[in-house]
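What follows is one structure encoded as structure tokens, with my remarks underneath.
Numbering (the numbering used here), first residue to last: 5 to 210.
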């Protein structure tokens, strides 16, 4: 295992290394978006299962999506209500998203803002990262950083003393994933968050 300080983990991520850190749901396996192949390879993840772009603030994510002014307003309203939190929005991707994040369908991208201070502290310094749950593809998500260190010894993780100062919530439930379908949302995975907003389709053509 490779336990490092928070600053060293940030530096590692910025230099293109594989990292892992706690979130408000399950631990994340992450890398720079242009280094997404590291995550796919480590997780043994098939290319048809895309990664999620995780960031510290919504403002740092909107350049990665494209849509009409009306659509953007709807997406931002949902983000304002549910972020930070366990909701992933799958939206039309802009050209800024590296194709490596979603090799089989680069037209969409999943976005999320975690509700955990240490994750925000990391992401605020690294910028948006390509992420997924820290487990081998097809296996249950890891629940603790100790499990992550066994599965992914090549990934940089936070030192135990850094984690001991955190009030980690053992959520253990992956995020809810919803996809924009042009006039409303489709639930791809039901997690701990239930989306209670419907988009007014009459505004979509504005």
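For each residue, glycine too, the CB sits at the ideal point set by N, CA and C.
Inset, instruction - Assign residue 52 to buried or exposed, taking buried as 16 or more other Cβ atoms, counted over all protein chains shown, within 10 Å of its Cβ. - result: exposed
Legend entry - Pick from 129, 183, 138, 193 that is closest to residue 15, judged by C-alpha positions: 129
Inset, instruction - Could you check which residue in 35, 7, 57, 46 has the C-alpha nearest to that of residue 98? - result: 57
Legend entry - CB contact flag (residue 180, residue 197, <7 Å): yes
Legend entry - Beta-carbon contacts of residue 183 that lie in its chain and below 6 Å, excluding the five residues immediately before and after: 94, 190, 192
Legend entry - Boundaries of the alpha helix (DSSP H) in which residue 90 is found, first to last residue: It is not in any alpha helix (DSSP H) - residue 90 carries neither H nor E in the DSSP assignment.
Inset, instruction - Within its chain, find whatever has a CB closer than 6 Å to the CB of residue 17; leave out the 5 residues flanking it on each side and keep chain order. - result: 23, 130
Inset, instruction - Could you say which of 157, 177, 185, 178 lies nearest to residue 7 if we only look at CA atoms? - result: 157
Legend entry - Distance CB(residue 114)-CB(residue 147) smaller than 7 Å: no
Inset, instruction - Use the C-beta contact count for residue 40: other C-beta atoms within 10 angstroms, 16 or more gives buried, fewer gives exposed. - result: buried
Inset, instruction - Compute the minimum distance between the beta carbon of residue 129 and the heavy atoms of the ligand SAM, and state whether it is under 6 Å. - result: Within the structure as shown, the ligand SAM is missing, as the structure has no ligands at all.
Legend entry - Residues sharing a beta bridge with residue 58, DSSP: 116, 133
Legend entry - With 16 other Cβ atoms within 10 Å as the buried cut-off, status of residue 21: buried
Legend entry - Alpha carbon of residue 28 to alpha carbon of residue 91, nearest angstrom: 11 Å
Inset, instruction - Could you tell me if residue 47 is buried or exposed, where buried requires 16 or more neighbouring beta carbons within 10 angstroms of its beta carbon? - result: buried
Legend entry - For residue 24: DSSP bridge partner residues: 33
Inset, instruction - Quick one: residues in its chain with C-beta nearer than 7 Å to the C-beta of residue 50, no 5 flanking neighbours on either side, listed in chain order? - result: 141
Legend entry - Enclosing beta strand (DSSP E) for residue 182 [first to last residue]: 180 to 184
Inset, instruction - For residue 111, count neighbouring Cβ atoms within 10 angstroms of its own Cβ and tell me buried if that reaches 16, exposed if not. - result: exposed
Inset, instruction - Provide the residue span of the alpha helix (DSSP H) that contains residue 43, from first to last. - result: 40 to 47
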